[in-house]
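Trainee:
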Amino acid sequence: MPEKPKKSRILQLVEYAAAYVFITIFRALPFWLTNLISGFLGNLLYYVVPRRRTIAVTNISAAFSGMPAYEVRRLARESCRALFLTAFEIMKSQSLFSSPDAREKIRDTADNLEELFQKAKKIHDGSGGCIFVTPHIGNWELLPAVSSLIGIPLVIVARPLDNKYLEKLFYENRTASGQMVIPKKNALFVLQRTLQKGKSIGMLTDQSTMKGLPVEFFGRKALTTPVPAVLAMTKNRPIVVVACCRIADFRFEAFVSDPIWPGEYQNEKDELLRITRLMNKEMEAIVRKHPEQYLWMHDRWKTYGGSKELMS
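This note's numbering numbers the first residue of the sequence shown as 71 and each following residue consecutively.
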């Protein structure tokens, strides 16, 4: 596949300036107004982008068989709204994470947060680093920032942007909270070294991938990345499913699963599938609690050519 032509420097600067102004404005807005704007933009996305609407409605209908059509449509609209609300929360949270009393302020955003802080820290310390995975639900971008506040050194994988100025802006925002960011391409070696050094890894693992394993998610086989299971098996580290779902204006319900450890095995593929099934099962349980906050518009059950035979 030919590479996309690089954007001109002027276009990159225009995009950067627009994003900077946009972020600055939204950081100053009250939550009630960002909620209204999120609802408007979410409805706009739902009605104006038919392909994403169709994917969301199809995915929800298949995941919750028997759900009335009007409820399916409502969940799809709420999912679109949640995407924009997540972006606005990230913009508004930067000052929170940089304040001296950040941990105390973060603790106030969820009733069970301190208990879960300690659970995650205990798993990290006891295993010498672990693999934290999260689905695209609630505010998945808050979790890496929170980890540094509780003393968990975390490396996250991100796809670089095609605008070097925006990339620098977002990179600085992420690293300001103590995260280390590495590019997605050829990341496996770096992730293995990360675990060897006693650090933990943060990954989003609910996107369809051509090289994925066909593992059930909401009763249907979905191509799921094997990377967490590969890392768990090669470095004997546990996988921990985490999530951060909103229950009010910048108030959240947090989730930290029990560790999923690799076991003794004779067949490598069977063990990869076992671990990945458990990971998907934990993620599905979280999505079932807050389905309106999941990214249903992503084509999670997408297939690629020869993979269709594996999915049957």
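Don't be surprised by glycine CBs; every beta carbon is placed ideally from N, CA and C.
#1: Note the first and the last residue of the continuous alpha helix (DSSP H) segment covering Arg121.
#2: Considering only heavy atoms of the ligand GTP, does any lie closer than 7 Å to the CB of Gln363?
#3: What residue from Arg316, Phe287, Pro329 and Pro230 has the CA that sits closest to Asn182's CA?
#4: Got a sec, what are the start and stop residues for the beta strand (DSSP E) Thr41 sits in?
#5: Could you check if Lys305 is buried or exposed, using at least 16 other CB atoms within 10 Å of its CB as the buried criterion?
#6: Which whole-angstrom value is the C-beta distance of Asp319 and Phe101, which I expect to be below 8 Å?
#7: Arg123: buried (16+ other C-beta within 10 angstroms of its C-beta) or exposed?
#8: Would you mind giving the Cβ-Cβ distance between Arg147 and Tyr116, rounded to the nearest angstrom? I have them listed as a contact below 8 Å.
#9: Tell me which same chain residues have a C-beta within less than 7 Å of the C-beta of Asn243, skipping the five on either side of it?
#10: Rounded to the nearest angstrom, what separates Met71 and Val260 at their Cα positions?
#11: According to DSSP, is Cys200 part of a helix, a strand, or is it coil?
#12: Could you spell out the range, first to last residue, of the beta strand (DSSP E) harbouring Glu323?
#13: Among Val312, Ile130 and Ile222, whose alpha-carbon lies nearest the alpha-carbon of Ser197?
Mentor: Straight from the coordinates:
#1: Counted from its first residue, the sequence shown places residue 121 at position 51. From DSSP, the alpha helix (DSSP H) with Arg121 extends over Pro120 to Ala133.
#2: Absence of the ligand GTP is noted for the structure shown, with no ligands found whatsoever.
#3: Here the question's residue 182 lines up with position 112 in the sequence shown. Here the closest residue by C-alpha is Arg316.
#4: Examination of residue 41 is not possible in this model, given that the chain is present from 71 through 382 alone.
#5: For this step, residue 305 is matched to residue 235 along the sequence shown. The residue in question, Lys305, is buried, as its Cβ has 16 or more Cβ neighbours within 10 Å.
#6: Residue 319 sits at position 249 when you count from the first residue of the sequence shown. Residue 101 sits at position 31 when you count from the first residue of the sequence shown. Sure, about 4 Å apart at Cβ, within 8 Å.
#7: By 1-based counting over the sequence shown, the position of residue 123 is 53. Arg123 should be labelled buried.
#8: Along the sequence shown, one-based indexing puts residue 147 at 77. Along the sequence shown, one-based indexing puts residue 116 at 46. About 5 Å; that satisfies the 8 Å criterion.
#9: Indexing the sequence shown from 1 puts residue 243 at position 173. If we look at Asn243 and ignore the five residues flanking it on each side, its Cβ neighbours are Gln164.
#10: Taking the first residue of the sequence shown as position 1, residue 71 is located at position 1. Taking the first residue of the sequence shown as position 1, residue 260 is located at position 190. Since pLDDT at Met71 reaches only 46, below the 50 mark, its modelled position is unreliable, and no value is offered.
#11: Within the sequence shown, residue 200 is the residue found at index 130, counting from 1. Looking at Cys200 - three-state DSSP - the assignment turns out to be coil, as it is neither helix nor strand.
#12: By one-based count along the sequence shown, residue 323 stands at place 253. Run containing Glu323: Arg321 to Val326, per the beta strand (DSSP E) assignment.
#13: By 1-based counting over the sequence shown, the position of residue 197 is 127. With distances taken between Cα atoms, Ser197 lies closest to Ile222.
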